[in-house]
Each structure stands twice: as C-alpha cells, then as structure tokens.
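The numbering of the sequence shown is this note's numbering, which starts it at 246 and goes up by one. All C-beta atoms, glycine included, are put in the ideal place defined by N, C-alpha and C. Just so it is clear, the structure is predicted and the values come from calculations on it, not from any experiment.
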Amino acid sequence: MKKKIKGIARDALKFILEVSASSHPKEFAGMLYETDQVITDVDVPITQSSNVSAVMDLFVVPVNTHRVGSVHSHPSGALQPSDADIRMFMSTGDYHIIVGRPYEITSWACYDRVGNIRKLDVLDVDLE
Ligand code: ZN
Numbered sequence: 246m247k248k249k250i251k252g253i254a255r256d257a258l259k260f261i262l263e264v265s266a267s268s269h270p271k272e273f274a275g276m277l278y279e280t281d282q283v284i285t286d287v288d289v290p291i292t293q294s295s296n297v298s299a300v301m302d303l304f305v306v307p308v309n310t311h312r313v314g315s316v317h318s319h320p321s322g323a324l325q326p327s328d329a330d331i332r333m334f335m336s337t338g339d340y341h342i343i344v345g346r347p348y349e350i351t352s353w354a355c356y357d358r359v360g361n362i363r364k365l366d367v368l369d370v371d372l373e
C-alpha cells in the first residue's frame, strides 16, 4: 500500500539529527511514522547495535499502517545507501532517510525503496 507523504515535520527531523549525533560514532536506526500524511514520529528500538540490519530485525512486528519507512545514520558522513541498506529499504517502506555526520539540518537525504533519491519537504507543523 503506497502512502502519499507531504513531508517531514521539522521537529521530527531535528530529533533524528540530535539522536544520531548523540549515538555517534555508533549508527542510529529507527522507523518513520506519519500522521495526516506528514512524517511526525520516529520509533527507536531499545537495543542499539552497530549493525543496522540487526536493528531493523527488531521491528519484525505486525505492520503498522502508519509506518512509512526507515531512518538511520552514517557516522562516516556519506549519505549514499549501501547495498544492504537498499535490501532493507525494500522491506520497510517507501521513504528512507539517511543522516550523516556532522548531523546538521542539511546533513540528510531521502530515498525510495530502490535507493533513488526522493524529495522530502521539511514542514513546520505543530506536534501535539
Ligand atoms: Zn546505511
């Protein structure tokens, strides 16, 4: 089921960048969720691992209809997805954010499920 997404809430993006920076030099990984077609939430596993695929295995849960994709960090700063990333993208949704060092507001990119870059607007919305 494809979901049309308008963008990501600026506060959600800031949260992702902050958590990624505080996880450094380890990778951070989580799942993205939408509310009213805007990505507003990040689900973070309790167990942290340097292996993103292992972290994603923790999300083998009943498919949440509000889940739209994934997010993870690249401590190296490279924003391109690896082959393993793309395999993970295919099974976890249509929107995949990779953030990288130095974790600034522009230190990220969004990809579709086959690893092509896709535009994702940053929106100013009020999160309850
Ligand atoms: Zn990666």
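Assigned secondary structure, residue i (DSSP; H/G/I helix, E/B strand, else coil)
i      : result
Leu277 : strand
Val264 : helix
Asp330 : helix
Leu368 : strand
Reference residue i; option with closest CA among the options
i      : options                           : result
Val405 : Ile250, Val264, Glu279 and Phe334 : Missing from the structure shown is residue 405; the chain here goes from 246 to 373 and no further.
Gln282 : Pro320, Val313, Phe260 and Trp353 : Val313
Arg363 : Ala354, Asp369 and Val370         : Ala354
Thr351 : Ala329, Asp339 and Ala323         : Ala323
Phe260 : Thr285, Glu279 and His269         : Thr285
Exposure label - residue i; buried when at least 16 CB within 10 Å
i      : result
Glu349 : exposed
Supposed contact pair residue j and residue i - C-beta distance, whole angstroms, cut 8 Å
i      : j      : result
Val367 : Leu258 : 6 Å
Ala274 : His317 : 4 Å
Met374 : Ser315 : The shown model of the chain, from 246 to 373, leaves out residue 374, and the question about it has no answer.
Pro320 : Glu272 : 6 Å
Endpoints, the beta strand (DSSP E) within which residue i is located
i      : result
Thr285 : Val283 to Asp288
Heavy atom of ligand 3 within 7 Å of residue i beta-carbon
i      : result
Asp288 : For the structure depicted, ligand 3 is absent and the ligand set comprises only ligand 1.
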